[in-house]
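One structure is given below, encoded as structure tokens.
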Amino acid sequence: RESSAGRDRGSRGMSVYEKTFTLKDEDHTMGNAVRYMLNKNPQVALAGYSVPHPMEKSVNVRVQTTGEVTATAAMRDALLDIMSVCEHVSDTFDTAVKDFRAKQPAPMDADKS
Numbered sequence: 002r003e004s005s006a007g008r009d010r011g012s013r014g015m016s017v018y019e020k021t022f023t024l025k026d027e028d029h030t031m032g033n034a035v036r037y038m039l040n041k042n043p044q045v046a047l048a049g050y051s052v053p054h055p056m057e058k059s060v061n062v063r064v065q066t067t068g069e070v071t072a073t074a075a076m077r078d079a080l081l082d083i084m085s086v087c088e089h090v091s092d093t094f095d096t097a098v099k100d101f102r103a104k105q106p107a108p109m110d111a112d113k114s
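Its first residue numbered 2, the sequence shown is counted upward by one per residue in the numbering used here.
So this is what it looks like as structure tokens:
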């Protein structure tokens, strides 16, 4: 029986439902974040990453979907999710710093005797 990943193959035999992406100038930090977000997607059958060589600044991310979405769409969604998480963390941090500073006592004036 032909799997959904076997349909719609391009001229080179590659499926739109399975793809390896290379992220240049990135390391395990981004690779692991992308892998995590991809694996949270129920339409992703397999997601993993590897670093070709420790001295090489790139990450290969392998994506295979269930056939409901393309690998490119799943990758795009994962990257947008990462951007949303980063914005949330930044906003939460900025709010916490602002709240912390508002609770601090006023600085003492050294000129008053």
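Glycine residues also receive a C-beta, built at the ideal position from the N, C-alpha and C atoms.
- Query: Ordered along the chain, which non-local residues of its own chain (more than five positions away) have a Cβ less than 6 Å from that of Asp9?
  - Reply: Low confidence applies here, because Asp9 scores a pLDDT of 46, under 50, leaving its location unreliable; read the following figure in that light. Val17.
Nearest-angstrom Cβ-Cβ length linking Val64 and Leu81, presumed shorter than 8 Å: Going by Cβ atoms, the distance from Val64 to Leu81 rounds to 15 Å, so no, they are not a contact pair.
Option nearest Glu27 by Cα separation, candidates Val35, Lys58, Asp100 and Tyr50: Lys58
- Paired residues, beta bridge with Gly49 - DSSP: Arg63
Q: Mind reading off the beta-carbon distance from Gly32 to Val52? Whole number of angstroms is fine, and I expect it under 8 Å.
A: 7 Å
Check whether Val62 and Thr30 have beta carbons under 8 Å apart: no
Q | Rounded distance between the beta-carbons of Ile83 and Ala157, thought under 8 Å | A | The question about residue 157 has no answer here: the residues shown for the chain are numbered 2 through 114.
Between His54, Val86 and Ala75, which lies nearest to Pro43 when the distance is taken from Cα to Cα? Ala75
Assuming Lys104 is part of the alpha helix (DSSP H), what are its boundary residues? Ala72 to Lys104
Strictly by DSSP, which residues pair up with Glu19?
Gln65
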